Amino acid sequence: MNMHEALITFFAESRALLHDMEDALLRLEEAPDDADAINAVFRAAHTIKGSAGLFGLNDIVAFTHEAESVLDLARDGRLAIDEALCELLLHCRDHIELLVRHAESGDALTDSARQHGQALLARLLARHGKAEATTGAALTTLPTTQTEAEALPRDAEAPENECWHISLRFDTDVLRHGLDPASFIRYLGTFGQVVHIATLHEWLPPLDELDPECCHLGFEIQYRSDCDKQAIEAAFEFVRDDCQLRILPPGSRVQDYVRLIHELPEDKLRLGELLAACGAVTQREIDEALQEQQRGALRPPLGQVLVDEHVVRPEVVNAALNKQNDARARQSQEAMFIRVHADKLDMLINQVGELVIAGAGVGLLAQRNKDGAMQEAMSSMSRLIEEVRDGAMRLRMVEIGDTFNRFRRVVRDISKELGKDIELVITGADTELDKSVVERLGDPLTHLVRNAMDHGIESGEVRAAAGKPARATIELSACHEAGHIVVEVRDDGAGLNRERILAKAVERGLVDADAQLADAEVWNLIFEPGFSTASQISNLSGRGVGMDVVKRGIEALRGTVEIDSAAGLGSTIRIRLPLTLAIIDGFLMRVAGVHQVVPLDMVLECVELSTALAPGQDYFDLRGEVLPLLRLREHFALQGQAGRRQNVVVVKAQGRKAGLVVDELKGEFQAVIKPLGELFAAVRGLTGSTILGSGEVALVLDVPGLLDGAQRARPGAPARTPRSGTPAAGVERVSHDPARVSH
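Take 418 as the starting number for the sequence shown in the working numbering and just add one per residue.
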C-alpha cells in the first residue's frame, strides 16, 4: 500500500472512529459511570491522533491531543463527567470531523471554523488546567541520603502511598563522561515527587583505593507522579548507556495496568507489544529481556524473564498473556473477512447483470431453434446464474443500524433546541438492504425525524395535560416483508390534524371544499410541493420544502411511502423499498411494439380484456370490485400496431389496485436496471430501462407514479362497486399466476 492509499484508509477509518465516538458520548451522557463508553471515546481520539501524526496532519494532532488529555482525566476519575463535559466533547468530536474533512479535501479552514476551534481549545485547556491546579507541587530538592539498612528490596510490595519504585545503578565511569547522577534524580522532582531515597554503597572500595572520578553508588527511589513509565524512563535518556535502570509500577495500580491491557485494541499479538502499549514496560526493557532470554540455555518465556528481572509484576504479565490469546482467536476469526472497495462490488454487479442478459439471449436462441438439449442446458445455467446473482447482491447488503444510529445525535440536539424530552428507540437494526439504498435513505429519514419532533411531538405541558408520559418517543424500525424492506418512523405525538390539512388544501385549490376524502387521501396531501400547516416558520420546518422532497427521494429508489395517523396517539410513516436497485424479478409486457417491465412483486394477476367494454371506459368489474384501468398506449402516446387482443395486468402499490392495459404478456423476466438518460427525465411513469436477451430495450415502469397520475386525471372515478359476488363483466379468462403466461 502506497502513502496515498494509506491516507485514504486513514480518512475512512477516522470517519468510522468518529461515528463510534459520537455513539459512546451519547451513551456517556445518559450513564456517566459507563466505563466502557469513556474508554471507547478515549480509544477513538487516541487512534485518530496517532494515525494523523503519521501523515503530518498537525492540526488534527494538536487539537485531538488536548481533547485526549481531558478524556484521560475523566477516565481516571480526576474530572467529573457531567452534561456540560459531554456537550463540550461532542462539539470537539464535530470539530475533529471538520478537520479530517478539510484534510481530505485539501481545503483550508474558514476563519469562522478556525475561531470555533480556538474557542473549543480554550475550553479544553480550562478543563485540563482546573484539574491540574489540584495536583500537588513537585518537590525539587534531593531528600536526605539513607543508610543501607533502610534500602528497599527490589521485589518489595509497593507502599500504600502509590509510589513508583525506581532501582538505579550507575556505571563506574559515569562521572568521567561528564554526567552527574544526582542531577538526574533531582530532575525527577520537576514532574513528580521524590518521596524516599535509599543510597546503596556496598560496592565502595577501600578508602585508599577510592577513585574520586568513579561512581560506586546505587539508589532505590520511591517516586510519586502521574506520568507513565515511558516518561519516567525518558528522564534518564542521556545516561541510559551508563546505568542499569528498573522501574516498577505502584503496587496499587496493578489493576489499572490489567484494565488497560483489556481495553487495548485487539491487534497486538506479541507479549512485549501488549506490555509496552499499556505502559508496564518500555522498549529498552523488552530489548534487554530478549537478550537475557537468548543467553539462557533453556530460553524461558519472555514474560518469565520480565518477572524474574523485576521489570513487571506477574499479574500484569498474566493479563497480557490472556489478552494475547484473545487477540489470536479474534484475528483467526477476522482472517475470514477481507475489505473490498465498493467500486469493485459495483463492477461485479454490473458484470453479473451482463451475464444475466447474455444468458437470456442464449435461452431465446435455444427456444427459437427448438433445441431441446440446449434448452435443458440453459435451464441449469439459468439456475446457476440466478444463484450467482443472489450471491453477488448479498455482498452489497449492509445493516441499516448504522444509518439509524446517526439519528441519536439528531434527536438529542433537536430535542434540546426545542425544549422537548424525546427518546429515540431503534428496532430491527440488523435488517440488511443494498448499500446504495442505505446511502440514499439518510436524507428522507432526516426530514421525517425532524418533522416528527417539530410538528408531531407536543410540549411537555401539553403532554402532561393529555395524560401522556413527559418523555416522548420516536421509533425507527425496519423489517423484511415480501421481498421488500419496510422502514417506519413512528411517534407518540398529537397525530396529524385532518381539519387543518383539508383547510390548507382547499385554500391552495388542491381539493374542492365539498370533497369527501378518505384519511389516506388527506394524509397524502402533505406530500404536495410547498404544502405546510405550520403557523410559523422555524429553522427546522414550516417552509413546505420537506415532505415533497421525501416522496421524490423515496420514489427515486423505486419505493413507496404511506402515512397512518390517529389524533392524540401519534403518526406512523411507512416506507417500502426494494432490497436492491440493480437487478429485479420483473414481469415483461409489450405495448404497441414497445417492451415494458413492472416489478414482479407488484403483479397480482393477469386477465384477458373483453371487447365488450364501452369505448373510453377506464374501469371494469373484476369479480365484484371496480378496477381502474390505465391504458399504457394512450398514456405514453404510442403509435405502434395494436395486438390481436388486449390484456390487463393487475398491479398493487401503496394499497391501491389498478389494471394496466397491454397488448401482449411475455411472462417473468430478470431485469438488470439501467438508468435513464436526461432525454427521459421529464417522462412520468418510468424509473429505468433494461436490455432483453434479443438486444432490445425494455422500459421499467414506475407503478406508484403511474397510479398517482391516473388518480389525478380521474378524481371522480368510483372507488368500489356497489355489488359483489357476481361474474366479472368484460373478463373472459383469468390467470391468477403471472408466471404461467408464456413469452
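Just so it is clear, CB atoms sit at the ideal spot from N, CA and C, and this is done for glycine as well.
Nothing here was measured: the structure is a model prediction, and the numbers come from that model.
For the ligand ZN, I want to know if residue i counts as a neighbour, meaning its beta carbon is within less than 7 Å of at least one of the ligand's heavy atoms.
{"i": "Val1068", "result": "No copy of the ligand ZN appears in this structure; indeed no ligand is present at all."}
Report all residues from its chain with a CB closer than 7 Å to the CB of residue i; omit the five preceding and five following residues, and keep chain order.
{"i": "Ser799", "result": "Gly776, Gly780"}
{"i": "His463", "result": "Glu485"}
{"i": "Cys912", "result": "Looking at the sequence itself, residue 912 is Gly, so the reference to Cys does not match. Closer than 7 Å at the Cβ level, and outside the excluded window around Gly912, lie Ser982, Ala983, Ala984, Gly985, Leu986, Gly987, Ser988."}
{"i": "Glu630", "result": "Leu592, Arg593"}
{"i": "Val478", "result": "Lys466, Ala469, Gly470"}
{"i": "Met795", "result": "Val779, Gly780, Ala783"}
{"i": "Leu434", "result": "Ala461, Thr464, Ile465"}
{"i": "Leu424", "result": "Phe472"}
{"i": "Gly1105", "result": "Ile1090, Lys1091, Pro1092, Leu1093, Val1117"}
{"i": "Asp847", "result": "Glu816, Gly818"}
{"i": "Ile943", "result": "Ile918, Met964"}
Taking 6 Å as the limit between beta carbons, can you name the residues of its chain near residue i, skipping five residues before and five after?
{"i": "Ile1001", "result": "Pro1016, Ala1088"}
{"i": "Thr557", "result": "Here the model assigns Thr557 a pLDDT of 31, short of 50, so the residue's position is not dependable, and the following value carries that caveat. Gly606."}
{"i": "Gln1063", "result": "Leu1026, Val1078"}
{"i": "Ser386", "result": "The first residue shown for the chain is 418 and the last is 1160, placing residue 386 beyond what the model contains."}
{"i": "Gly1133", "result": "Model confidence at Gly1133 stands at a pLDDT of 46, short of 50, so the residue's coordinates are unreliable; what they give is reported in the following sentence. So the list is empty, once near-sequence residues are dropped."}
{"i": "Ala429", "result": "none"}
{"i": "Gln661", "result": "Arg586"}
{"i": "Met438", "result": "Val458, Ala461, Arg510"}
{"i": "Ser832", "result": "Ile839"}
Using CA coordinates, which residue listed in the options is at the minimum distance from residue i?
{"i": "Gly970", "options": "Leu994, Ser949, Phe948", "result": "Leu994"}
{"i": "Ala1115", "options": "Leu1123, Asp1125, Leu1124, Lys1083", "result": "Lys1083"}
{"i": "Cys896", "options": "Ile817, Leu913, His872", "result": "Ile817"}
{"i": "Arg811", "options": "Glu849, Lys787, Gly845, Phe944", "result": "Glu849"}
{"i": "Val1066", "options": "Leu1047, Gln1058, Gln1056, His1052", "result": "Leu1047"}
{"i": "Leu617", "options": "Arg586, Gly1110, Gly1060", "result": "Arg586"}
{"i": "Met1006", "options": "Gly609, Asp489, Phe1086", "result": "Phe1086"}
{"i": "Lys1074", "options": "Thr1107, Ala1059, Met1019", "result": "Met1019"}
{"i": "Arg888", "options": "Val904, Glu840, Arg1050", "result": "Glu840"}
{"i": "Glu834", "options": "Arg823, His512, Ser876, Val842", "result": "Ser876"}
{"i": "Ala497", "options": "Ala520, Pro449, Ala525", "result": "Pro449"}
{"i": "Asp1119", "options": "His582, Arg975, Met438", "result": "Arg975"}
{"i": "Glu1022", "options": "Glu878, Arg829, Leu1039", "result": "Leu1039"}
{"i": "Trp940", "options": "Glu916, Ser1111, Ala1009, Ala452", "result": "Glu916"}
{"i": "Ser642", "options": "Pro623, Gly609, Glu626", "result": "Gly609"}
{"i": "Ala1009", "options": "Tyr1036, Gln933, Gln1058", "result": "Gln1058"}
{"i": "Gly494", "options": "Gly595, Ile455, Asp476, Asn822", "result": "Ile455"}
{"i": "Ala801", "options": "Val769, Asp936, Ala790", "result": "What sits at residue 801 in the sequence shown is Leu, not Ala. Comparing Cα-Cα distances from Leu801 to each of Val769, Asp936, Ala790, the minimum goes to Val769."}
{"i": "Arg907", "options": "Glu898, Thr890, Ala920, Leu442", "result": "Thr890"}
Taking residue i as part of the beta strand (DSSP E), name the residues at either end of that continuous run.
{"i": "Lys1069", "result": "1063–1070"}
{"i": "Cys509", "result": "Premise fails: Cys509 lies in the alpha helix (DSSP H), 500–522, not in any beta strand (DSSP E)."}
{"i": "Ile1108", "result": "1103–1108"}
{"i": "Ser393", "result": "Absent from the model: residue 393. The displayed extent of the chain is 418 to 1160, so no value can be given."}
{"i": "Gln661", "result": "660–665"}
{"i": "Gln1087", "result": "1081–1089"}
{"i": "Pro1016", "result": "1011–1016"}
{"i": "Glu898", "result": "889–898"}
{"i": "Ser1027", "result": "Ser1027 -> no beta strand (DSSP E), and no H or E assigned at all."}
{"i": "Gly489", "result": "The sequence shown places Asp at residue 489, not Gly. Unbroken run through Asp489 is the alpha helix (DSSP H), 475–492; no beta strand (DSSP E)."}
{"i": "His582", "result": "581–587"}
{"i": "Gly1057", "result": "Run containing Gly1057: none; DSSP gives neither H nor E here."}
{"i": "Ala905", "result": "According to the sequence shown, residue 905 is Glu rather than Ala. 901–908 is the span of the beta strand (DSSP E), which, as asked, contains Glu905."}
Would you mind reading off the limits of the alpha helix (DSSP H) that contains residue i?
{"i": "Val923", "result": "915–924"}
{"i": "Val966", "result": "964–973"}
{"i": "Ser796", "result": "789–812"}
{"i": "Ala497", "result": "It is not in any alpha helix (DSSP H) - Ala497 carries neither H nor E in the DSSP assignment."}
{"i": "Glu1038", "result": "Strictly speaking, residue 1038 in this sequence is Asp, with Glu absent from that position. Note, Asp1038: premise wrong, no alpha helix (DSSP H); beta strand (DSSP E) at 1036–1039."}
{"i": "Val928", "result": "Segment: none, Val928 is in no alpha helix (DSSP H) and carries neither H nor E."}
{"i": "Ala869", "result": "That residue, Ala869, is in no alpha helix (DSSP H); it is neither H nor E in DSSP."}
{"i": "Glu766", "result": "For clarity, residue 766 is Ile in the given sequence; the question names Glu instead. Residues 759–786."}
To which residues of the same chain is residue i closer than 8 Å at the C-beta, ignoring the five residues directly before and after it?
{"i": "Thr820", "result": "Val855, Leu858, Gly859, Leu862"}
{"i": "Phe459", "result": "Glu485, Leu488, Asp489, Arg492"}
{"i": "Thr589", "result": "Cys631, Cys632, His633"}
{"i": "Trp620", "result": "His633, Leu634, Gly635"}
{"i": "Gln1056", "result": "Ala1009"}
Throw me the rounded Cβ distance for the residue i and residue j pair, which I believe falls under 8 Å.
{"i": "Lys852", "j": "Arg813", "result": "5 Å"}
{"i": "Ile843", "j": "Leu996", "result": "Not confirmed; about 20 Å, so no contact."}
{"i": "Val828", "j": "Arg806", "result": "Val828 to Arg806, Cβ: 38 Å. No contact."}
### Message
For a minimum of 3 consecutive residues, which ranges assigned as the beta strand (DSSP E) are wholly contained in the region 830–862?
### Response
Uninterrupted beta strand (DSSP E) stretches at least 3 residues long and entirely within the region 830–862 occur at 839–844, 849–851, given in chain order.
### Whole beta strand (DSSP E) elements within the region 605–666, 3-residue minimum
The region 605–666 contains these whole beta strand (DSSP E) runs: 610–617, 635–641, 660–665.
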